[in-house]
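Novice:
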Amino acid sequence: MNNEKISSILKNVFKPGRYTGGEYNSARPKTDGVKYAFAFPDTYEVGMSHLGMKILYGLLNDMDGVSCERVFAPLNDMAEALKKNDLPLFSLESHKPLNEFDFVGFSIQYELCITTVLYMLELGRIPVKASQRSERDPIVMAGGPCCVNPEPMRDFFDIIVIGEAEELLPRLMQLRKTCPGRDAYLRAAKEIKGVYVPALRKPGETIQRAYIKNMDTAYYPQSVIVPFLEPVHDRLMLEVMRGCPRGCRFCQAGFIYRPVRTKSVAVLKRQADALIAATGYEEISLASLSTTDFYGCKEIIEYLTDRYEDEKLSVSLPSLRIDVSNIDIMKQVRKYKPGALTFAPEAGSQRMRDIINKNVTEKDIIDTLSKAFTEGFTKIKLYFMFGLPYETDEDLWAIGDLIKKILDIFNDMYQNTRSISLSVSASCFVPKPFTPFQYFPQCGTQEMEHKTEILRRAIPRRVKLSYNDSTLCALEAAFARGDSRLNAVIEAAYRSGCVFDAWPDYYDEAKWIDAFAACGYDMRDFAQKSYGFNDTLPWDFIDIGIDRSFFEKEARKALEAATTPNCFERCSGCGIQKTNGGCRFDL
Amino acid sequence: MIYISHLDMQRMFQRAFRRANIALEFSQGFNPHPKMTYSPPLPLFTSSDEEYIDVAASCAFGAAALQKALPDGIIVNSVRPLTEEDVPLSEKISTAVYEIVLYAENPEEACAALTAACKESGSLMAEKRDKKRRMIQKDIRPLIKSADFRISDNCVVCLCELSLKNDTLLNPHIFISVLMMKASVDEKKCVVTVKKIKTLSDGQ
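For the protein sequence lines, the chains are A and B, in the order given. Positions in the first sequence are counted from 1; adding 369 to them yields the numbering used here. Positions in the second sequence are counted from 1; adding 81 to them yields the numbering used here.
What follows is the structure in structure tokens.
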């Protein structure tokens, strides 16, 4: 690669640090062996916040004979500069063109990043469609939670990984050494559990999800890259648990990451010590879907705050489960970064909370927030959803009532001596595959507008209310629940200029509507499709380990507003216990 | 390294000290941060052979300990403890010596023109933004301690010493913008390197 050309480009783009590499702990690629490009279909700042990439980057670079480099989506100014100078998209570590790698692996964290995948492939001079690739092109792979419904993007990938990659990816790399030819490689790869090769799938074939059994022995990096630029999340991430025991009916992650698997506190201490020493980070986050459900949560927090007191290490937790005991935990972590407490009640009425199986009562909410206020927390963030199945206008007004109750409690306690900072975020519900709500359509745009109008009127003006773009939600739903017909729509949208669709200032609704129409469809055909319990679903051929009958049972219970207890309390026989040989939890 | 902003560098140094297990003293208050002072930030795309950082550390440390914890491209030249004679960094620094490589279609002509312009005694006016971000005219002649031009490899190489004191700091790019008015040099292509930072004692 022409270094002088690259230097002159870098001096003329915004934030050139996004493309240069050279960060502390970044890898020095080996000269021979398998070359893997980890491609994140968003900018550097977003991609460098992603935990999955940190794990896989370390995993691959620690392997003999394998090198992993990073590529992120270049912004417009960089893409234009590359094209003008006739340069392909290149990796950060060695500035290698994307098409000179053996593998290019994309992490699909949300449905709306597919056009950005095509954008990166094309800039990297790789044919966007799998059928057009030849021996000299890299094997293009996808992984991540959205891959549990792979059909809408099947045309663009040679391999789609279903499930967790820590054990699977090394096998795929080793296989490359024995199968250098593309066709032979794909035929052999397909035999590995968790690997979906769209081009070679036979009718009736099922693909099973791969997942690691033991978190303590699974790979976890001992050091991670310390970026120069500030990523969205600029801190160490220590994964404490995978999966969630709660079974909220709207939540895809809660089902596709079953069973719950925890790390032992001893292992966590070792991993934390190694990472802190290797990076010098001043903040560490205990990452999982529901960290306060992790039995060792208090112990690891105490360890970190005591051991690293002189270094003033900050410990942070993601959104908290609504439980009074969690406030005590937060008292310990707030020492250096008194930020907002985040809770997700999701619904305002008890009926609605029971429909979604949140298993939180109004008393829980009131008690928890009262305690938070008593302890001096005055910055609160609340997450709600609207457009949920069986929701009525009363349920939305109830969100306003709940918020007013919370404000009253605060005012009674502080009598105008302090002010509360309360922000509320309301998102439109998107029905996801592999949840009990997978059968339900998303509500239409007009209905969404009606609902947001109620929220605007129900919630007191002094509360900061934000909600996301309704048209973006519809597109997300279309992709989450769609089938292979969407491949043509994606390509049409990309060709008409769609990219970075998850960013509101890039998202072009008109272009997407045209792309759907050009293929003879409408977004609503997919977003608002209703499935019967006996209908075939586009993702039926993927087996994540949960019985479809369980989802049906849960959906019926939702109609009755009947709840299901969490996995720690009692097993509800979702099906995962069969493949797992029973579920064992440390409590 | 030249693509990284000063703020990013500050964050990077704080973490490097943590990695090197060199305990720093923290400021008091709501948001404690390590006590560090830097010599004036370099403009983007300028590399430097010499920079200064004053840091409040709990104990003495050597250059090697810090060097190990730094990313490629940053070299610790030396570390010495401050004494009672030392004034704060901002008061100590006086000038910076820059090497500026300029590209011109006719280097000989440009070199002669620039040498003449800098030998003159009249004012040398430059446009810059003041603290309220308004464009003003400022005479930069007093801020130029010396400027020599020579030809090397078909380029005009300028070795100059410009003021680096906080209130009278002359950004090398402003100096270059003035040079561009005196001779025809390529404004897009120029390479600036800091060769030395001089302090009041003219030693370090």
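Ideal Cβ positions, reconstructed from N, Cα and C, are used throughout, including at glycine.
Return the residues of the segment 167-180 of chain B that lie within a Cβ-Cβ distance of less than 7 Å from chain A, sorted by chain order.
Specialist: From the segment 167-180 of chain B, no residue has a Cβ closer than 7 Å to chain A.
Novice: At 9 Å on the CB atoms, spell out the chain A contacts of B/Ile255, in chain order.
Specialist: Start at 1 with the first residue of the second sequence, and residue 255 of chain B comes out as number 174. Simply none; closest approach about 18 Å.
Novice: Listing by chain order, which chain A residues have their CB less than 7 Å from the CB of B/Phe107?
Specialist: Working through the second sequence from its first residue, we reach residue 107 of chain B at position 26. Neighbours of B/Phe107 on chain A, chain order: Lys681.
Novice: Just to confirm the assignment, what range does the beta strand (DSSP E) spanning A/Phe803 have?
Specialist: Residue numbering aside, residue 803 of chain A sits at position 434 when the first sequence is read from its first letter. Neither: A/Phe803 is in no beta strand (DSSP E) and is coded neither H nor E.
Novice: Using a Cβ-Cβ distance under 8 Å, would B/Pro152 count as near chain A?
Specialist: Looking up residue 152 of chain B in the second sequence gives position 71. Taking Cβ atoms only, chain A reaches closer than 8 Å to B/Pro152, which makes this a yes.
Novice: Of all the CB atoms in chain B, is at least one closer than 8 Å to the CB of A/Tyr876?
Specialist: The count along the first sequence starts at 1 and reaches residue 876 of chain A at position 507. Answer no: the Cβ-Cβ gap between A/Tyr876 and chain B never drops below 8 Å.
Novice: Per DSSP, what kind of secondary structure is A/Asp585 in: helix, strand or coil?
Specialist: Locating residue 585 of chain A in the first sequence gives position 216, counting from the first residue. Of the three classes helix, strand and coil, the one that applies to A/Asp585 here is coil, per DSSP.
Novice: Let me know the secondary structure DSSP gives A/Cys936 once reduced to three states.
Specialist: The residue labelled residue 936 of chain A in the question sits at position 567 within the first sequence. Residue state, collapsed to three classes: coil.
Novice: Cutting at 7 Å between CB atoms, please list the residues of its own chain near B/Gly284, excluding the five before and the five after it.
Specialist: Sequence index remark: in the second sequence, residue 284 of chain B carries index 203 (1-based). Here the model assigns B/Gly284 a pLDDT of 44, short of 50, so the residue's position is not dependable and the matter cannot be decided.
Novice: In angstroms, rounded to a whole number, what distance separates the CA positions of A/Ile495 and A/Asn468?
Specialist: Within the first sequence, numbered from 1, the residue matching residue 495 of chain A stands at position 126. Within the first sequence, numbered from 1, the residue matching residue 468 of chain A stands at position 99. Cα to Cα, the separation comes out at about 6 Å.
Novice: Quick one, which of A/Tyr783, A/Cys797, A/Glu731 has its alpha-carbon nearest A/Ala767's?
Specialist: Along the first sequence, read from residue 1 onward, the residue named residue 767 of chain A stands at position 398. The shortest Cα separation from A/Ala767 among A/Tyr783, A/Cys797, A/Glu731 belongs to A/Glu731.
Novice: Closest by CA to B/Val273, which one among B/Pro115, B/Ser171, B/Ser108, B/Val237?
Specialist: Within the second sequence, residue 273 of chain B is the residue found at index 192, counting from 1. The candidate whose alpha carbon is nearest that of B/Val273 is B/Val237.
Novice: Counting only C-beta atoms, is A/Lys380 closer than 8 Å to chain B at any point?
Specialist: In the first sequence, residue 380 of chain A corresponds to position 11, counting from 1. True, the Cβ-Cβ gap to chain B drops below 8 Å.
Novice: Using a C-beta to C-beta distance shorter than 7 Å, which residues of chain B count as neighbours of A/Thr389?
Specialist: To locate residue 389 of chain A, count along the first sequence from 1; it is residue 20. Per Cβ cutoff of 7 Å: Tyr84.
Novice: Measuring only the C-alpha atoms, how far is A/Pro572 from A/Phe525?
Specialist: Here residue 572 of chain A refers to the residue found at position 203 when the first sequence is read from its first residue. Here residue 525 of chain A refers to the residue found at position 156 when the first sequence is read from its first residue. Distance between the alpha carbons of A/Pro572 and A/Phe525 is about 19 Å.
Novice: Once DSSP output is grouped into helix, strand and coil, what is the label at B/Gln285?
Specialist: Numbered from 1 along the second sequence, position 204 holds the residue referred to as residue 285 of chain B. Note that B/Gln285 scores 38 on pLDDT, short of 50, meaning its location in the model is unreliable and no value can be drawn from it.
Novice: Pick out the complete alpha helix (DSSP H) segments inside the segment 688-723 of chain A, 4 residues or longer, and give them in chain order.
Specialist: 694-702
Novice: In whole angstroms, give me the CA-to-CA distance for B/Ala150 and A/Phe475.
Specialist: Working through the second sequence from its first residue, we reach residue 150 of chain B at position 69. Working through the first sequence from its first residue, we reach residue 475 of chain A at position 106. In a straight line, the C-alpha of B/Ala150 is about 31 Å away from that of A/Phe475.
Novice: Take the Cβ of A/Thr661 as the centre, count every other Cβ of all protein chains shown within 10 Å, and call the residue buried at 16 or more, exposed below.
Specialist: On the first sequence, position 292 is the one that residue 661 of chain A refers to. Buried, since its Cβ has 16 or more Cβ neighbours within 10 Å.
Novice: Looking at the structure shown, is B/Val237 part of a helix, part of a strand, or coil, going by DSSP?
Specialist: Counting from one through the second sequence, the residue named residue 237 of chain B turns up at place 156. DSSP, reduced to helix, strand and coil, places B/Val237 within a strand of the structure shown.
Novice: Does DSSP put A/Gly315 in a helix, in a strand, or in coil?
Specialist: In this structure chain A extends from 370 to 956, so residue 315 of chain A is not present and cannot be described.
Novice: Taking Cβ positions only, does B/Asp267 come closer than 8 Å to chain A?
Specialist: Taking the second sequence and counting its residues from 1, one reaches residue 267 of chain B at position 186. No, because no Cβ of chain A sits closer than 8 Å to the Cβ of B/Asp267.
Novice: Below 6 Å CB to CB, which residues in the same chain sit around A/Gly390 once its five sequence neighbours on both sides are set aside?
Specialist: Here residue 390 of chain A refers to the residue found at position 21 when the first sequence is read from its first residue. These residues qualify, in order along the chain: Leu461, Glu462.
Novice: Just the Cα atoms here: how many angstroms apart are A/Gly951 and A/Ile945?
Specialist: To locate residue 951 of chain A, count along the first sequence from 1; it is residue 582. To locate residue 945 of chain A, count along the first sequence from 1; it is residue 576. Distance between the alpha carbons of A/Gly951 and A/Ile945: 8 Å.
Novice: Does the beta carbon of B/Gly284 come closer than 8 Å to any beta carbon on chain A?
Specialist: Translated into positions along the second sequence, residue 284 of chain B becomes position 203. Only weak support is given to the placement of B/Gly284: the predicted model assigns it a pLDDT of 44, under 50, and the value that follows is read from those uncertain coordinates. Answer no: the Cβ-Cβ gap between B/Gly284 and chain A never drops below 8 Å.
Novice: Which residues, taken in chain order from the segment 114-148 of chain B, show a beta carbon closer than 7 Å to some beta carbon of chain A?
Specialist: Phe126
Novice: So that I know if they touch, is there some Cβ in chain A lying closer than 8 Å to that of B/Asp234?
Specialist: Here residue 234 of chain B refers to the residue found at position 153 of the second sequence. Not closer than 8 Å to any Cβ of chain A, the Cβ of B/Asp234 fails to qualify, so no.
Novice: List, in chain order, every chain B residue whose beta-carbon is nearer than 7 Å to that of A/Pro385.
Specialist: Here residue 385 of chain A corresponds to residue number 16 of the first sequence, with the count starting at 1. Here the neighbours are Tyr84.
Novice: In the DSSP output, what is A/Gly474 paired with across the bridge?
Specialist: Position 105 of the first sequence, counted from the first residue, corresponds to residue 474 of chain A. In the DSSP output, where bridge partners are listed per residue, A/Gly474 has A/Phe407, A/Met510.
Novice: Enumerated in chain order, which unbroken segments of the alpha helix (DSSP H) with a length of 4 residues or greater are wholly contained in the segment 846-879 of chain A?
Specialist: 855-864
Novice: Can you tell me where the beta strand (DSSP E) holding B/Thr296 begins and where it ends?
Specialist: The structure shown does not extend to residue 296 of chain B, since chain B is modelled only from 82 to 285, so the question has no answer here.
Novice: Could you name the residues of the segment 85-98 of chain B whose beta carbon sits closer than 9 Å to any beta carbon of chain A, in the order they occur along the chain?
Specialist: Ile85, Ser86, Leu88, Asp89, Met90, Arg92, Met93, Gln95, Arg96, Ala97, Phe98
Novice: In chain order, which beta strand (DSSP E) runs of at least 3 residues are fully inside the segment 524-567 of chain A?
Specialist: Taking only runs of at least 3 residues, the beta strand (DSSP E) segments lying wholly in the segment 524-567 of chain A are 528-530.
Novice: Which same chain residues end up closer than 7 Å to B/Ala137 when comparing Cβ atoms and leaving out the 5 residues on each side of it in sequence?
Specialist: Along the second sequence, read from residue 1 onward, the residue named residue 137 of chain B stands at position 56. Leu105, Glu106, Lys116, listed in sequence order.
Novice: So, does the segment 115-132 of chain B touch the segment 633-643 of chain A, judging by three or more C-beta pairs under 8 Å?
Specialist: no
Novice: Note down, in chain order, every chain A residue with its Cβ under 8 Å from the Cβ of B/Ala185.
Specialist: In the second sequence, residue 185 of chain B corresponds to position 104, counting from 1. Simply none; closest approach about 18 Å.
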